[in-house]
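Protein chains in written order, with full-length UniProt numbering: chain G, 1 to 262; chain A, 1 to 523. Note sheet for the following structure.
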Amino acid sequence: MRIGLFVTCLVDGMFPDVGDATVAVLERLGHEVDVPLAQTCCGQMHVNTGYAREALPLVRRHVAAFAGYEAVVAPSGSCAGLVRHHYPALAEATGDAALAAAAADLAARTYELSEFLVGVLGVTDVGAHYPHRVTYHPTCHSLRLLRVGDAPTRLLRAVAGLELVELPAAEACCGFGGTFALKNADTSTAMLADKMRDVLSTGAEVVTAGDSSCLMHIGGGLSRLRAGVRPVHLAEILASTAPAAGPPVAATAVSAAARAVR
Amino acid sequence: MTRPAVRPDAGQASSATFLGLPAVVPPTAPRGVGMLRGDEPFPAAARRALADAQLRHNLGKATGTIRARRAGVVAELDDWDRLRAAGAAIKDDVLAHLDDYLTRLEEQVVARGGVVHWARDAVEANRIVVDLVRATGATEAVKVKSMATQEIGLNEALADAGIAAWETDLAELIVQLGHDRPSHIVVPAIHRNRAEIRDIFAREMGAAGGVPAPDGLTDEPRALAEAARAHLRQRFLSAKVAISGANFAVAETGTLCVVESEGNGRMCLTLPDTLITVMGLEKIVPTWRDLEVFLQLLPRSATGERMNPYTSMWTGVAPGDGPRAFHLVLLDNGRTATLADPAGRAALRCIRCAACLNVCPVYERTGGHAYGSVYPGPIGAVLSPQLAGVTDNPSLPYASTLCGACLDACPVAIDIPSMLVHLRARVVDAGRGTGRPPSAERAVMAAAAWTMAKPGRWARALRAARLGRLLGRRRGAIGRLPPPLASWTTSRDLPVPPAESFRDRWSRRQAGDGLGSLREGQR
């Protein structure tokens, strides 16, 4: 299957390893992945902050950039959610029938990574190896906008060596909310504090999620507290493989030490 | 009294022929009256609320309890989704033919001995009610819990006219005696714990001219309820006038319906000589049969009960039974303006169950007062700006992370997150037309859109962002930054930008710097 990687502007600019990891997982499963460099940003920040007018050129660009791919896959529930749920209406509102048709078409073949792997490809074991204690935070847009359900945890349970610990109050929002994190920084922080408390209560070394944005928020709070829990995107875990041979790699030794300390 | 702006042929008696949208922009709720606007923006009010540890504790405990109870009773119905769809469809039908249903309701109420008054806004509604109470010669009235009368500030208007309005719902009594404001639609005193309630009762019950709290009042729920009971009983027995809201009005028979838990409503609706009901004009259901849907949806969503303890219904007046005079005040106060926005009008489906408040992570932490309006939480964030105008409540549509919990909980499937996004655009668009220079935010958004409009610009911007690596060179993370980025870094570190953007990496690899390492998935 010819897959277009919708890398998202945040991964492009801040977390390129997540982009690499997404490509690696899809290629390992035997698919051809292409990254159309005409993509920049889907316009979510603009749309969700009330700047739909400014977002329209970005919507047009995004729709054009991904014409022709059988499937478009993003390492983000939030960005995939915007295309799936808001693009048709945004395009419709312009009165441009061709754009509306193209946006509706793109919406129907845009997927978040975990739902694509489990729901479309029918895969849960992607051959990953990740010997760490991990807790999973279901991001709001993957959970309630895209309804990815248990796809991420099914993938995680199939990862060799991974110990998945359930996150208390997992379905509670972490408080990121895009520009909410800036415009309502105090409320955002109060929500973050509760999410961090729950993450820390699991004793996990790694907190994972399907969205780099929420992870940047949760991880940013944990880093500020020097809490010693790392945010790692779901794609990066799924891309990790066992070392070809020889002794465990340094990361494993470090995590074993961390567990011993706990 | 003029008829509401729902009908552009206002005043032309009963020629109810118009169906559809008003031709002119309908007025929003007037300023200076009622409680639809806050004194300060949400973020500032929220900051103060967040610092109140007692409030946080009370709210977390109370919303958590109601949330769990609701989830339990909703899960036991296998047709909940169909009930929701039916509720939404009935309300949409009512909104699409509101003029028709309102006329039918008026005819039925009048035919059964009631009097119908049309109030364009809070000012008119308050004047109507004040005049009606004055006409009875009474100087006090008992009240059934009602959001509509809180919305229009009726108690304050009555007080200005020398009429004492006594709240009889336990939580509303706590709020009134505490000289406080409601902070929740169903549980208005949710921000109070029982120790605070004990103090309010002990201090205020006698001071308010009523039966005082007994000496040695404890904060045992039973003792508090008994004190309220004794205090209220005297009010019920002496009042000649009662004022209520309505949960539903059945158009086909002119029947009004109030759903409650304590029986105080039943007392108010039956004992006094005169009953005045103030009702938002969207509260109509076409037929009795439609109540079947809502009397399942509402209690389960609101209090997590299969059925609420008291459901009172009355139709006009009946000689020798209940009030001798019944007045129905139909309130617009921005509802027609809300109806005029195709992307916002579904907010009028709301049945005031407050399920969205109880599941909202923002409400759970800030409480209701931070929203300024009597309608707090997610539904308030979409309703208040529409009723009062987005320029008067510009911060409310932003008081949400768009997490979507409200939509899942809503018994009439109001897509609050999408509506919030729509209202944010209305806020921004209202700012464009002022002729003032663009806000800093608008300038940043425009600059970002310009940068992202061309891949070349975007790639260069990402390369420039590498300068941020200098900030994080000591710790591997970026700590405190000056405003406006301080909004982020006050509580969160920022990651250090990568040495190379994904697109540059990809381009380099495509140019021949092998994909081998990627395929092996090393990390």
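Heads up, the beta-carbon is just placed ideally off N, CA and C, and yes, glycines get one too.
The secondary-structure analysis by DSSP pairs A:Leu256 across a beta bridge with A:Ala249 and A:Trp314.
CA-CA distance, A:Leu467 to G:Pro16, rounds to 16 Å.
The beta-carbon of A:Met419 is placed no less than 9 Å from the nearest beta-carbon of chain G. Contact of G:Thr187 with chain A is assigned, a C-beta pair being separated by under 9 Å. When the five nearest sequence neighbours on each side are left out, the beta carbons in the same chain lying within less than 8 Å of the beta carbon of A:Gly87 are those of Val293, Phe294, Leu297, Arg349, Ile351, Pro411, Val412 and Ala413, in order along the chain. For A:Trp488, DSSP records no beta bridge to any residue. The DSSP-derived three-state label of A:Asp408 is helix.
Counting only the Cα atoms, A:Gln510 lies some 28 Å from G:Ala103.
The C-beta of A:Arg432 has fewer than 16 other C-beta atoms within 10 Å across all chains shown, which makes the residue exposed. Annotation note: the UniProt domain "Cysteine-rich" (4-81) of chain G contains the following uninterrupted beta strand (DSSP E) runs of length 3 or greater, listed N- to C-terminal: 32-34 and 71-74. In chain order, Thr187 make up the part of chain G whose C-beta sits under 7 Å from the C-beta of A:Thr366. Beta-bridge pairing by DSSP links A:Lys143 to A:Glu167 and A:Ile243. In this structure, DSSP gives A:Phe326 an extended state, which the three-state scheme calls strand. The stretch 179-189 of chain A and the stretch 159-166 of chain A do not touch, with fewer than 3 CB-CB distances between them shorter than 8 Å.
Contact between A:Pro483 and A:Gly368 does not hold, since their C-beta atoms are separated by about 29 Å, which reaches or exceeds 8 Å.
In this structure, DSSP gives A:Pro342 a state outside helix and strand, which the three-state scheme calls coil. For a Cβ distance threshold of 7 Å, residue set Val7, Val11, Asp12, Pro16 and Gly19 of chain G lies close to A:Phe502, ordered along the chain. For G:Leu113 against G:Leu234, the beta-carbon gap comes to about 7 Å, under 8 Å, which counts as contact. Of the residues assessed, A:Pro495 falls on the buried side of the cut-off, its CB having 16 or more other CB atoms within 10 angstroms. Contact with chain G is found for A:Tyr398, since one of that chain's Cβ atoms lies less than 9 Å from the residue's Cβ.
Closest in alpha carbon position to G:Arg144, among A:Trp506, A:Ser261 and A:Ala405, is A:Ala405.
In this structure, DSSP gives G:Asp105 a helical state, which the three-state scheme calls helix. Excluding the 5 residues flanking it on each side, A:Arg47 has no same chain C-beta neighbour closer than 6 Å. In this structure, the straight-line span from the alpha carbon of G:Val63 to that of G:Gly50 is close to 20 Å.
Residues are counted here when their Cβ sits less than 8 Å from a Cβ of chain A; for the stretch 48-73 of chain G these are Asn48, Thr49, Gly50, Tyr51, Ala52, Arg53, Glu54, Ala55, Pro57, Leu58 and Arg61, given in chain order.
Among the residues of chain A, those whose CB is under 8 Å from the CB of G:Gly175 are Pro361 and Thr401, following chain order. Taking a 10 Å sphere around the C-beta of A:Ala318, we find fewer than 16 other C-beta atoms and assign the residue as exposed. Of all residues in the stretch 80-92 of chain A, none is placed with a Cβ closer than 7 Å to any Cβ belonging to chain G. With a cutoff of 9 Å on beta-carbon distance, A:Val144 and A:Thr168 are scored as near each other. As the crow flies, the alpha-carbon of A:Ser261 is around 18 Å from that of A:Ala148.
The beta carbon of G:Cys79 does not come within 9 Å of any beta carbon belonging to chain A, so the residue lies off that interface.
Residue contact check for G:Glu171 against chain A: a CB pair falls below 9 Å. Around A:Leu481, the same chain offers Thr489 as residues with beta carbons nearer than 7 Å, after the five sequence neighbours per side are excluded. For G:Ala190, the nearest CB of chain A lies under 9 Å from its own CB, placing it at the interface with that chain. Going by DSSP, G:Pro231 is part of the beta strand (DSSP E) stretching over Arg230 to His233. Straight across, the Cα-Cα distance linking A:Ser384 with A:Ala399 is about 12 Å.
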